[in-house]
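S.K.: Just remember that this note's numbering sits 2 ahead of the position in the sequence shown, which is counted from 1.
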Amino acid sequence: MSGVRAGLEGQVASTLRWGLGHALPRWAIRGSARRGDLHGRLIEATASSDAAPLELFEEVRADGPLHRSQFAYVTASLPTVKEVLTSNDVRAGVDIGSAPGPLGRLSTWAGRRAPIGPLTPPSLLVTEPPDHTRYRKLVTRVFSARAVQQLRERTEQIATELLDELEADARAGHHVDLVQRYCALLPVTVIAEILGVPAADRDRVLRFGEGAAPSLDLGLGWRHFREVEASLTEFERWLHTHLEDVRRSPGADLLSQLVTARDEEGRGLDDAELKATAGLVLAAGFETTVNLLGNGIWLLHEHPEQLQALRDDPALWSNAVDEVLRHDPPVLLTGRTVVRDTELAGTRVPRGAVVTTLLAGANRDPEVFTDPDVFDVARPNAGDHVSFSSGRHYCLGAALARMEGEVGLRAVFDRFPDLALEPGARRRPTRILRGWGALPARLQTQHVTAG
3 MSGVRAGLEG
13 QVASTLRWGL
23 GHALPRWAIR
33 GSARRGDLHG
43 RLIEATASSD
53 AAPLELFEEV
63 RADGPLHRSQ
73 FAYVTASLPT
83 VKEVLTSNDV
93 RAGVDIGSAP
103 GPLGRLSTWA
113 GRRAPIGPLT
123 PPSLLVTEPP
133 DHTRYRKLVT
143 RVFSARAVQQ
153 LRERTEQIAT
163 ELLDELEADA
173 RAGHHVDLVQ
183 RYCALLPVTV
193 IAEILGVPAA
203 DRDRVLRFGE
213 GAAPSLDLGL
223 GWRHFREVEA
233 SLTEFERWLH
243 THLEDVRRSP
253 GADLLSQLVT
263 ARDEEGRGLD
273 DAELKATAGL
283 VLAAGFETTV
293 NLLGNGIWLL
303 HEHPEQLQAL
313 RDDPALWSNA
323 VDEVLRHDPP
333 VLLTGRTVVR
343 DTELAGTRVP
353 RGAVVTTLLA
363 GANRDPEVFT
373 DPDVFDVARP
383 NAGDHVSFSS
393 GRHYCLGAAL
403 ARMEGEVGLR
413 AVFDRFPDLA
423 LEPGARRRPT
433 RILRGWGALP
443 ARLQTQHVTA
453 G
């Protein structure tokens, strides 16, 4: 009987998580959009158009640094976005569990039964000081700039192997989908090496990554939500066994280093923190880098003069990756909850208020970026974007994503200088995440110079 009861509780908890975290927000957003609310219109637009809603970013900006909407304060000002993201008076995420009354209690109860994922505690994305400080310090020691640099050579090898396979298809006259055959496989293979995944399990980890990554988005349908939670649950089970193997026989991978890392008091990460970190690396690291690569391929294909500038001066590749991140970021926006009455951008904001920071809008702030809608790989301040967030929740994998973006984009255009995208390119129907679901391409191995 206890097993039956636990199963029923699990089903109820899952339904509540979906209802409170996806169905209710989606219903509220659609209703507010129909009534003309700017925030609702903006969230709806991100899921229904190939183009970023630039005109709505401008409407937000025209109302001042902090727009008051029906359900949230909204900002597209880069200085205000940074102020919000670095404020000690706000916490990461939209915390329904802190709401007073039955709604908050139901959310807390259901959340305790959720599989560990990138948006569930103790993930670094939703953990706050003092736990966040201790936790991040340990993780940062392992995911250092030096560690990322050591991964560069291996990433170049992985890119070469993937492109060899694509070249064989090109010579056979086949067309390929670059998202499935390259943009997804490059980061997930790197992640598998970071986590020390045995070669026999690589395909499973790819499925975990593809399945778990949408957990970062808003407004999932019931079936999609259930598939995401199933992927997270399966990954957690696999990870439990994998961590035991790592403890018995640690390797040179970063997860092995994380398992053995200790702070000054001799304290390491517990099982939940290790699983949460691995889940964050898998879901967030996979999703953002897939989008970065796909968005970069599209932009450089559509702006051949910028691609030529990179061929003329390869030293610009690093800056070009930042310009891709600025111009078409993998994450459009992020939410924060105010934990005490405070002031943001000169406006009094009450405890419990939600603030939506439009990362993609801030990246087009004309007060910071000259001709912000122009894609320019030589832009002097391209790196001033907030695509990796800011403050204490600045993306832990930013250096890794930049490195993979530079290696991956340069390699594919070096190998296929006449790469041509074909009809059928399709954006992913997501609200918070922005990337391509498909990029059909015709690949040619020989570059023909006009003239």
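Cβ atoms here follow ideal geometry from the backbone N, Cα and C, with glycine treated the same way.
Whole alpha helix (DSSP H) runs in the segment 49–118 with 4 or more residues, listed along the chain?
M.R.: The segment 49–118 contains these whole alpha helix (DSSP H) runs: 56–64, 80–88, 104–113.
S.K.: Around the C-beta of residue 159, are 16 or more other C-beta atoms found within 10 angstroms, so that it is buried, or is it exposed?
M.R.: Residue 159 should be labelled exposed.
S.K.: Please tell me whether residue 114 and residue 363 are closer than 9 Å, where the distance is taken between their beta carbons.
M.R.: Their beta carbons are not under 9 Å apart, which means residue 114 does not touch residue 363 by this criterion.
S.K.: Over what stretch of residues does the alpha helix (DSSP H) that includes residue 421 continue unbroken?
M.R.: Note, residue 421: premise wrong, no alpha helix (DSSP H); not H, not E.
S.K.: Would you mind working out which of 83, 25, 49, 45 sits nearest residue 395, comparing C-alpha positions?
M.R.: Answer by Cα proximity: 83.
S.K.: State the Cα-Cα distance for the pair residue 389 and residue 11, rounded to the nearest angstrom.
M.R.: Rounded to whole angstroms, residue 389 to residue 11 spans 38 Å at the Cα level.
S.K.: Inspect the beta-carbon positions of residue 423 and residue 414 and report whether they are closer than 9 Å.
M.R.: Going by C-beta atoms, residue 423 is not nearer than 9 Å to residue 414.
S.K.: Go ahead and pull the three-state DSSP assignment for residue 304.
M.R.: Three-state DSSP puts residue 304 in a helix.
S.K.: Bridge partners of residue 366, per DSSP?
M.R.: For residue 366, which the question treats as bridged, DSSP gives no partner whatsoever.
S.K.: Any idea which residues DSSP pairs residue 438 with across the strands?
M.R.: Answer by DSSP bridge pairing, in chain order: 429.
S.K.: Excluding the 5 residues flanking residue 417 on each side, which residues of the same chain have their C-beta closer than 6 Å to its C-beta?
M.R.: Excluding sequence neighbours, residue 417 sits near 165.
S.K.: Which residue from 358, 107, 275 puts its Cα closest to that of residue 336?
M.R.: For residue 336, the nearest C-alpha among the options comes from 358.
S.K.: Along the chain, where does the alpha helix (DSSP H) containing residue 234 start, and where does it finish?
M.R.: That run of the alpha helix (DSSP H) goes 224–250.
S.K.: Check whether the Cβ atoms of residue 291 and residue 403 lie closer than 9 Å to each other.
M.R.: Yes, they are a contact pair.
S.K.: Verify whether the separation of the beta carbon atoms of residue 294 and residue 340 is less than 9 Å.
M.R.: No, Cβ-Cβ distance for residue 294 and residue 340 is not below 9 Å.
S.K.: Going by C-alpha distance, which of 136, 355, 256 is nearest residue 71?
M.R.: Residue 355 is the option with its Cα nearest to residue 71.
S.K.: With residue 297 and residue 410 assumed to form a contact (beta carbons below 8 Å), what rounded beta-carbon distance in angstroms separates them?
M.R.: The Cβ separation is near 12 Å, so there is no contact.
S.K.: Among the candidates 236, 268, 233, 272, whose CA atom is the shortest distance from the CA of residue 249?
M.R.: Selected option, being the one with the closest Cα: 272.
S.K.: With DSSP run on the structure shown, which of helix, strand or coil describes residue 178?
M.R.: Residue state, collapsed to three classes: strand.
S.K.: Leaving out five residues before and five after residue 171 in sequence, what residues of the same chain have Cβ atoms less than 7 Å from its Cβ?
M.R.: Here the set comprises 178.
S.K.: Looking at residue 216: is its Cβ nearer than 9 Å to the Cβ of residue 222?
M.R.: Yes; because the gap between Cβ atoms is below 9 Å, this pair is in contact.
S.K.: What does the alpha-carbon distance come out to for the pair residue 175 and residue 161?
M.R.: Approximately 21 Å between the Cα atoms of the pair.
S.K.: Among 236, 35, 234, 137, which residue has its Cα nearest to the Cα of residue 267?
M.R.: The residue with the shortest Cα to Cα distance from residue 267 is 137.
S.K.: How many angstroms separate the CA atom of residue 275 from the CA atom of residue 91?
M.R.: Between residue 275 and residue 91, the C-alpha separation is close to 24 Å.
S.K.: When DSSP labels each residue in this structure, what does residue 350 get in the three-state scheme?
M.R.: In the structure shown, residue 350 sits in a strand (DSSP, three-state: E or B).
S.K.: Using only CA atoms, which one of 120, 69, 195 lies nearest to residue 79?
M.R.: If we check each option's Cα against that of residue 79, 69 comes out closest.
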